[in-house]
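So the sequence shown is numbered by our numbering: it starts at 2 and just counts up by one.
Just so it is clear, CB atoms sit at the ideal spot from N, CA and C, and this is done for glycine as well.
Each remark here refers to the structure printed beneath this line.
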Amino acid sequence: MRVFLSDDHPLFRIGMRLSFEQEDHIDLVGEASDGYSSVERILSSNPDVSLIDVDMPGMSGIGVVRILRKAGFQKKIIILSTYNDETYIRDAMDAGADGYVLKCVEGSELIRILRSMHEDRPTVSPYLVNLALNPSVNHVYLNSNLEETAALTSREKEILDCLSEGQSNKEISTTLNISVETVKSHLRSIYKKLNAKSRVEAAKLAISMKRYR
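Spelled out as structure tokens, the structure:
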């Protein structure tokens with residue numbers, strides 16, 4: 002799978018480059034740090050999947066997608082964004098992007114998303130909106146797991162808030178005046194309800210929820 006990465010943050014590109022280098026099936030064919038260079042280099046390299054940051058100098062990622070589609074580029078395009086915002090998501094969809102992914106996604110999860118979208122396989126991720134789906138079905142915005150918070154109890158929400166602040170199980174037990182075992186029990190329930198695979202992923206979801214409530 003040939004991948005192109007457009008992002009104006011060098012550290013982010015370095016991190017993704019290192020992640021891709023660990024994967025035999027991924028070939029990073031090019032990078033760009035601004036919108037105009039992105040258009041030129043993507044058209045010349047013709048990657049299977051293009052990852053494009055929504056905010057870049059010169060031209061936004063949404064603008065890049067529009068120009069690529071008008072130029073006849075038909076390969077997969079995924080917008081990378083820090084914004085869990087309906088306006089950005091709809092703009093990306095209208096421009097012709099295939100997916101919209103939060104940049105807090107872990108490298109391994111992003112690689113799984115890339116592989117699934119490249120192979121046209123359905124994929125579910127707390128960080129992904131698959132814009133190729135019917136909008137009426139997909140209109141949960143970025144993170145369907147955020148909607149699952151309605152299923153959390155008030156105590157679980159308190160624990161999730163503590164988790165987002167980086168508190169350990171012992172610190173959470175002290176803050177909420179409950180036992181460490183009770184904290185662990187609630188965390189298992191939280192992971193299940195949010196479909197979180199790890200403490201780190203649950204914390205990231207918690208931070209997103211606090212930001213976009």
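Round the Cβ separation of Tyr101 and Ile90 to the nearest angstrom and send it over; I've been treating them as touching at under 8 Å. Tyr101 to Ile90, Cβ: 5 Å. Contact.
Three or more beta-carbon pairs under 8 Å between the region 23-32 and the region 68-88, yes or no? These segments do not touch.
With DSSP as the reference, label Phe74 as helix, strand or coil. coil
Do you know offhand how far Ala98's Cα is from Ser186's? 40 Å
Under the rule that 16 or more other beta-carbon atoms within 10 Å means buried, what is Ala197, buried or exposed? buried
Among Leu129, Lys171, Val184 and Ser180, which has the Cα closest to the Cα of Ile160? Val184
Is Val40 helix, strand or coil when you go by DSSP? helix
Local conformation of Glu217 per DSSP, three classes: The requested residue 217 is not part of the displayed model; the chain covers only 2 to 214.
In chain order, each beta strand (DSSP E) run of at least 3 residues that lies wholly inside the region 50-121: 50-54, 77-82 and 100-103
Start-to-end residues for the alpha helix (DSSP H) that takes in Ser7: Taken as a continuous stretch (DSSP letters only), Ser7 belongs to no alpha helix (DSSP H), being part of the beta strand (DSSP E) at Arg3 to Ser7.
Looking at Ser34: is its Cβ nearer than 9 Å to the Cβ of Arg3? no
Classification of Leu6 by the beta-carbon crowding that lies within 10 angstroms, buried from 16 upward: buried
Tell me where the beta strand (DSSP E) around Gly31 begins and ends. Asp28 to Ala33
Measure the Cβ-Cβ separation of Val39 and Ser51 and say whether it is below 9 Å. Going by the sequence as given, residue 39 is Ser instead of Val. Cβ distance < 9 Å, so Ser39 and Ser51 count as in contact.
Within its chain, find whatever has a CB closer than 7 Å to the CB of Lys171; leave out the 5 residues flanking it on each side and keep chain order. Around Lys171: Val181.
Assign Glu166 to one of two classes, buried (16 or more other C-beta atoms within 10 Å of its C-beta) or exposed (fewer than that). exposed
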